[in-house]
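Take a look at the structure below.
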Amino acid sequence: MESGKWIRALREERLIKPSDIERITRSIADARAQPDFYVSHSTLADIEAGAVPGIHKLFSLALALKVPLNELLVPFGIDPAEIIAADVKSSQETVPSSVSAIHDPPFRFQLNFDTNIGAEETTLLKIQPHDVTILPPALRARLDPTRYRYALIGSKDDNMADLLPPRSLVEIDTSQKTVQVFPWQMLRDRPIYLIWHAHGHTCCWCQLDGKELILIPHPLSTQRVRRFKVPTEATLVGRVTNAWLPFDTIQGQREAAS
C-alpha cells in the first residue's frame with residue numbers, strides 16, 4: 491500500500507477527522523513555537539495523495555495518529571530496523587568469531603503491549619521495528635506492516651469459543667474490510683473479522699444490516715449479539731487470515747481427540 495493510502499486508512503480506522511489532525515498539530519506547533527509542526531487540511535490531503543512530508547510534520551502526524559514515529563516511517567520506505575541490523579552486523583565483524591559464537595543471544599520474540607489495555611480484553615498489538623529484526627527470516631520475509639496487523643484475544647474473550655480461544659494470536663488482513671456473504675458449509679469457513687467499537691476490539695463473525703454492523707459470537711460463547719452504527723460506533727479493521735492458538739488449548743484438543 492502507498493504511504494498516503496496507508497496514512498488515510500489508519501486515520502479512518504481510528505475515526506480521526508482532518509479537523510482533529512489540524513487541531514492537534516496546531517497545538518504541537520504552538521507549544522514548540524515552530525510552524526513546521528503544523529499539518530493543515532490541505533497539507534494532509536497532499537500527504538494522503540502521496541506527498542512526502544518533512545520530519546516535523548511526520549512527528550506531529552505520529553502523535554496525532556497515536557503511532558510510534560518509527561512505525562510511521564516504514565510506509566515511506568525508511569525502516570529503522572535496517573539501521574539496527576547494520577549496527578549489529580558491524581559490531582559482530584569487529585569481534586573474533588570464537589567470541590561471537592559464545593555470546594550469541596538466544597532467539598526470542600517479545601511483543602510490546604499497550605500498557606493502557608489489560609490482557610483480559612482483546613488487544614490490537616504494535617510490533618516495533620526492533621522486534622522485526624529478531625524474527626525468523628521466513629516470517630520476516632512475509633511481514634507487511636502496511637497490510638497486516640496482529641491482535642491478541644483477551645483472556646476473558648470467548649466470542650469465538652474454541653475457534654479462536656482466549657490468548658490466541660491472530661493476523662488481520664486490513665485490505666479485506668468488506669463483510670463477505672457466501673454459502674459456507676462449516677462454521678470454520680465463515681469469515682472472522684476484527685471489529686473496533688466503542689468498548690474496544692472484538693474478533694467475531696459479523697453482518698451488515700443497513701447502517702448497523704451486527705457482531706455475532708460463536709453459539710458456544712457466553713457473549714451476546716451486539717449492534718453498532720457504522721462508522722460512528724464501530725469500524726471493520728480487517729479479516730482474520732491466520733491464527734496461533736495457545737499451547738494448552740492445542741494440547742487439550744489432541745488429548746480429547748485421542
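All the letters of the sequence shown, read from the start, carry residue numbers 491 to 748 under the numbering used here. Don't be surprised by glycine CBs; every beta carbon is placed ideally from N, CA and C.
Contact test: residue 667 Cβ vs the ligand ATP heavy atom, cutoff 7 Å: No copy of the ligand ATP occurs in the structure displayed, which carries no ligand at all.
For residue 527, the three-state DSSP class (helix, strand or coil): helix
Test item: CB-CB of residue 655 and residue 736 under 8 Å: Cβ atoms of residue 655 and residue 736: closer than 8 Å.
C-alpha gap between residue 559 and residue 494, whole angstroms: 15 Å
Residue environment, residue 672, which counts as buried when at least 16 other CB atoms sit within 10 Å: exposed
Short Cβ contact (8 Å threshold) for residue 677 with residue 694: Not closer than 8 Å, so no.
Residue interval of the alpha helix (DSSP H) (run including residue 644): Here residue 644 belongs to no alpha helix (DSSP H), and DSSP marks it neither H nor E.
CA nearest to the CA of residue 554, picked from 507, 709 and 701: Distances from the alpha-carbon of residue 554 to those of 507, 709 and 701 put 507 closest.
Start-end ranges of the beta strand (DSSP E) lying completely within the region 691 to 735, minimum 3 residues: Runs found: 702 to 706, 716 to 719 and 724 to 734.
When 708, 658 and 715 are compared against residue 679, the one with the closest alpha-carbon: Nearest option by C-alpha distance: 708.
Inter-residue Cα distance where the pair is residue 547 and residue 505: 20 Å
Sheet register partners of residue 684 (DSSP bridge): 693 and 728
Alpha-carbon spacing of residue 714 relative to residue 609, whole angstroms: 21 Å
Per DSSP, cross-strand counterpart(s) of residue 671: Paired residues: none, contrary to the question.
Span of the beta strand (DSSP E), counted from its first residue to its last, around residue 659: 659 to 663
Residue burial classification, residue 568 (beta-carbon count within 10 angstroms, cutoff 16): Classification for residue 568: exposed.
Nonlocal neighbours in the same chain, by C-beta distance under 8 Å from residue 733, ignoring five residues either side: 654, 658, 659, 660 and 661
Residues of its chain near residue 753, where Cβ-Cβ distance is below 6 Å and the 5 sequence neighbours each way are ignored: As displayed, the chain neither begins before 491 nor continues past 748, which places residue 753 out of reach and without an answer.
Limits of the alpha helix (DSSP H) - the one that residue 549 falls within: Per DSSP, residue 549 is one residue of the alpha helix (DSSP H) stretching across 545 to 555.
Unbroken alpha helix (DSSP H) run spanning residue 512, endpoints: In the DSSP annotation of this structure, the continuous segment of the alpha helix (DSSP H) that includes residue 512 starts and ends at 508 to 522.
Distance CB(residue 683)-CB(residue 729) smaller than 8 Å: yes
Residue 536 to residue 565 span [Cα, whole Å]: 15 Å
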